[in-house]
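Here the sequence shown is numbered in this note's numbering, starting from 1067 and rising by one per residue. Glycine is no exception: its CB is placed at the ideal position from the N, C-alpha and C atoms.
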Amino acid sequence: MPAEQRPHSNHVASVTLLGPQRKPRVDKVLQSLGLADARAAIINAGWREREPEDELLVTLTSGDAVNLRLWHRMQEVWDADPEFAAADRKRRVLLEEMQDLYLIALDHVIDALVTMRTRAPRSAAAQEVALADAEQIMRDIDQRHLDRVSEIHAGFWAKWPPHERRPVQLQRQLISSDLNGTDVVLIPGGHVGVLIGALHLFNIAPQLRVPIVAWGAGAMALTDRVVLFHDRAAHGPSVSELFTTGLGLVHDTVAFPAARERLDVADQVRMGVLARRFSPAACLLLDERARVDIPAGGDLPDDARVLDNDGTITTMEHLR
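Following this line, the structure appears as structure tokens:
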């Protein structure tokens, strides 16, 4: 949840979401957008300590770029305001405990779904009703968890208004100055929680008035709801989990970067549960070479690849 409330209509620029950039093509994307020689702002707070290692990104922007240094500026705020930093640490500990307990609840529902689905039913109709009920329970758990997370954030910002903390004020002024004169904002991946935390602390969303190009955690951060996922973890598939609210600049969408690598898209049953779980939001698959251009205030384009409720991969045109 942002530090200050703002209407969604504040954002008036286009958004381009990309797949993984192991073979970078940001320069080609900028060229196609007419921004090849544009001055770029880089937000790579998700890289944490590696935030200054932006040489490749700068090169891809033809060398005209400014790094907003949100992660380092956040550390400077904590150093300058120990009381505020201690309160933030307490909040994060509470949120981590809430996330762990939420996952325990989700695990039990997933186990129940698997058990019911693999059981030989005496009545197929009764089985379908029970499965639908279990999926609804999962959606209810998701929503209640997200509501409680939002309440924690709202309570924190109410008790510790960032605009009243002098170190935050100073950093926001510097960030605003750096953003002046930029024509595009680049938001790569990294640690999505750290990235969103920095974006909210410095109230970045209302200042994003130019086109945004984002991928990885950057794409996730722009949506309404952020979901953590990994079906191919070394210890086995993990439960996809609602984590927090994003900036809300891309609506009715849950972003899944590197989807084919991290989701078991061949498991149609599993993908169907995922799609229905987050419906009516679209589960957007951002694979290698994916590009999704969203006009200012617009919706996902017809050719965006998404999950259908039956677990197959389709396009937004088919879902509409």
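Distance check for T1082 and S1098, CA to CA, integer angstroms please. When rounded, the distance between both Cα atoms is 11 Å.
Sequence-distant residues of its chain with Cβ nearer than 6 Å to S1075 (five each side left out): Only weak support is given to the placement of S1075: the predicted model assigns it a pLDDT of 44, under 50, and the value that follows is read from those uncertain coordinates. Once the five neighbours on either side are set aside, S1075 has no close Cβ partner at all.
Are the beta-carbon atoms of G1314 and G1377 separated by less than 7 Å? Their beta carbons are not under 7 Å apart, which means G1314 does not touch G1377 by this criterion.
I'd like to know whether the C-beta atoms of Q1237 and R1135 end up nearer to each other than 7 Å. It is not a contact, given that the beta carbons lie outside the stated cut-off.
Measure the alpha-carbon distance for N1133 versus I1241 and round it to whole angstroms. The straight-line gap from Cα to Cα measures roughly 10 Å.
Report all residues from its chain with a CB closer than 7 Å to the CB of L1160; omit the five preceding and five following residues, and keep chain order. These residues qualify, in order along the chain: I1218.
Once the 5 residues before and after V1305 are set aside, which same chain residues still bring their CB inside 8 Å of it? For V1305, the CB contacts under 8 Å within the same chain, skipping 5 residues up- and downstream, are L1169, L1172, D1173, I1176 in chain order.
Under DSSP, the alpha helix (DSSP H) around V1028 begins and ends at which residues? The structure shown does not extend to residue 1028, since the chain is modelled only from 1067 to 1386, so the question has no answer here.
Alpha helix (DSSP H) containing V1339: first to last residue? Unbroken alpha helix (DSSP H) run through V1339: 1334–1344.
Return the CA-CA distance between H1211 and V1316, expressed in angstroms with no decimal places. So the two alpha carbons sit approximately 21 Å from each other.
Proximity below 7 Å, CB of L1126 to CB of R1357: No, these two residues do not count as a Cβ contact at 7 Å.
Bridge partners of T1319, per DSSP? The partner list for T1319 (beta bridge, DSSP) reads A1348.
Nearest-angstrom Cα distance between G1263 and R1275? Using only the alpha carbons, I get a separation of about 20 Å.
Quick check: the Cα distance between I1147 and H1266, rounded to an integer number of angstroms? Contrary to the premise, residue 1147 reads as Asp rather than Ile in this sequence. Roughly 17 Å separates the two Cα atoms.
Under 7 Å between C-beta atoms of W1223 and A1069: Closer than 7 Å, so yes.
Continuous alpha helix (DSSP H) assignments of at least 4 residues falling wholly in the region 1202–1254: Contiguous alpha helix (DSSP H) elements confined to the region 1202–1254 occur at 1232–1245, taking only those with 4 or more residues.
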